[in-house]
Amino acid sequence: MTEQKRPPRAIGASGLSCFPIGLGCASLSGSYGPSDDDNALRVLHEARARGVTMFDTSDKYGNGHNEELLARAFGNARNSVLIASKFGNMAGKDGKVADNNPETIKAFCEASLERLKSDCIDLYYIHRIDPAVAIEDTIGAMSRLVEQGKVRALGICEVNPTTLRRAHKVHPIAAIQSEYSILYRAEAEDVLQTTRELGVAFVAYAPLGRGLLTGAVQPGSLGDKDERLRHPRFSAENLPKNLELAQAVQQVATERGCTAGQVSLAWLLAQGEDIIPIPGTKTLSRLVENIEAASIILSDAEIGFIASSIPPDAAAGLRYRAEHMKNMYL
Ligand SMILES: NC(=O)c1ccc[n+]([C@@H]2O[C@H](COP(=O)([O-])OP(=O)(O)OC[C@H]3O[C@@H](n4cnc5c(N)ncnc54)[C@H](OP(=O)(O)O)[C@@H]3O)[C@@H](O)[C@H]2O)c1
Numbered sequence: 005m006t007e008q009k010r011p012p013r014a015i016g017a018s019g020l021s022c023f024p025i026g027l028g029c030a031s032l033s034g035s036y037g038p039s040d041d042d043n044a045l046r047v048l049h050e051a052r053a054r055g056v057t058m059f060d061t062s063d064k065y066g067n068g069h070n071e072e073l074l075a076r077a078f079g080n081a082r083n084s085v086l087i088a089s090k091f092g093n094m095a096g097k098d099g100k101v102a103d104n105n106p107e108t109i110k111a112f113c114e115a116s117l118e119r120l121k122s123d124c125i126d127l128y129y130i131h132r133i134d135p136a137v138a139i140e141d142t143i144g145a146m147s148r149l150v151e152q153g154k155v156r157a158l159g160i161c162e163v164n165p166t167t168l169r170r171a172h173k174v175h176p177i178a179a180i181q182s183e184y185s186i187l188y189r190a191e192a193e194d195v196l197q198t199t200r201e202l203g204v205a206f207v208a209y210a211p212l213g214r215g216l217l218t219g220a221v222q223p224g225s226l227g228d229k230d231e232r233l234r235h236p237r238f239s240a241e242n243l244p245k246n247l248e249l250a251q252a253v254q255q256v257a258t259e260r261g262c263t264a265g266q267v268s269l270a271w272l273l274a275q276g277e278d279i280i281p282i283p284g285t286k287t288l289s290r291l292v293e294n295i296e297a298a299s300i301i302l303s304d305a306e307i308g309f310i311a312s313s314i315p316p317d318a319a320a321g322l323r324y325r326a327e328h329m330k331n332m333y334l
């Protein structure tokens, strides 16, 4: 197997950089079924010990629990990790989900800082864009957090090229975070042209297709508290089709003597030095496996074989349910 230690990856022009693979922490607060804090702390400590530096959270994950967990894990070593958090995806009293109101952003940030027991968030994202607020106003409010030293760099999730350009004019955007995997990549490939022109990093969420690309999810295997049951890609009709597509990844993995998850991450890393995948796991052995993927270099033939076997629009089922898709790629 071709292995090579990859250098850290820059987070846009912010001056921040991180290990090429970050840790997505959402499932450590129950998004994919129950999670145990003691186990979660072991996963977080092991990730740090093995060189992972970027930890991805949000005020939404476990309604603040996830940020508190990171504070417990890294309280004494806060400066040795890079914490990325997000705001604007919590259901308000009026049921509205995305809230990018400049007046409330400061309060969101203060609440996250308190939970993180920190005086600064390294990378602060808009989690969901609120169409009722001009992006210039939202970024303006976020740039004041940078001026006050509460935030180091700014990011936006699920942003389209037009909105990204408008945002970047107000304050440099260090990173965008959007779904990007072999299975779901049409929008990512579209926005990448703009991120590259502007020098913005691409943090790839759900890089394992929410577990689908690893082969670990099979019909009937998801627990009844697992939010993936509501995702179209896992429906009884779509899952077998998507598992069939994922066979190409497994084929390369078998030939190379590694796992399908590792091939999925190595494929993303090969798309450019601006790509930073953030797989999530509650399992120590999978954490180690995912980190080791940072050293796997796929050949051009392997990269091409996977891309042609799974064309950008091949996935069965939308990325989210139709009513949620309207909040994406705005
Ligand atoms: N900005 C946004 O809107 C947004 C949306 C979604 C996610 N995210 C971020 O992206 C992170 C990652 O996304 P995700 O967790 O949804 O999807 P993912 O990383 O594509 O997949 C995670 C799933 O794959 C499994 N898994 C992980 N490593 C594995 C391995 N080596 N072998 C087999 N299975 C493996 C995990 O199970 P186990 O836990 O059992 O190992 C988990 O069920 C989240 O934690 C969050 O930080 C952001």
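Residue numbering for the sequence shown follows the working numbering, beginning at 5 and increasing consecutively.
Where is the CB? At the ideal position from N, CA and C, for every residue including glycine.
Quiz item: Does the distance from the CB of residue 59 to the CB of residue 85 come in under 7 Å?
Solution: yes
Quiz item: Hey, would you say the C-beta of residue 26 is under 6 Å away from at least one heavy atom of ligand 1?
Solution: no
Quiz item: Measuring CA to CA, which of 202, 209, 193 and 30 is closest to residue 3?
Solution: Within the shown structure, residues of the chain are numbered from 5 to 334, placing residue 3 beyond reach of any answer.
Quiz item: Where are the beta strand (DSSP E) runs, 3 residues long or more, that stay fully inside the region 250-302, in chain order?
Solution: 279-281
Quiz item: Would the C-beta of residue 50 count as close to ligand 1, meaning under 6 Å from any of its heavy atoms?
Solution: no
Quiz item: Going along the chain, which residues of its own chain have a beta-carbon closer than 6 Å to the beta-carbon of residue 274, five neighbours each way excluded?
Solution: 302 and 307
Quiz item: Taking the alpha helix (DSSP H) that residue 174 falls in, what are its first and last residues?
Solution: 165-174
Quiz item: For ligand 1, is there a heavy atom less than 6 Å away from the beta-carbon of residue 161?
Solution: The answer is yes for residue 161.
Exercise. Please list the segments of the beta strand (DSSP E) lying wholly inside the region 121-167, counting only runs of 3 or more residues, in order along the chain.
Key: Considered as a whole, the region 121-167 harbours 125-130 and 155-161 as its complete beta strand (DSSP E) runs of no fewer than 3 residues, in chain order.
Quiz item: Just the Cα atoms here: how many angstroms apart are residue 322 and residue 329?
Solution: Straight-line Cα distance between these residues: approximately 8 Å.
Quiz item: Which residues mark the beginning and the end of the alpha helix (DSSP H) in which residue 309 is found?
Solution: 304-313
Practice problem: Return the residue from the list 125, 280, 289 and 304 that minimises the CA-CA distance to residue 21. | Solution: The residue with the shortest Cα to Cα distance from residue 21 is 280.
Quiz item: On the three-pair Cβ rule with 8 Å, is the region 139-156 touching the region 119-127?
Solution: yes
Quiz item: Can the beta-carbon of residue 333 be found closer than 7 Å to that of residue 93?
Solution: no
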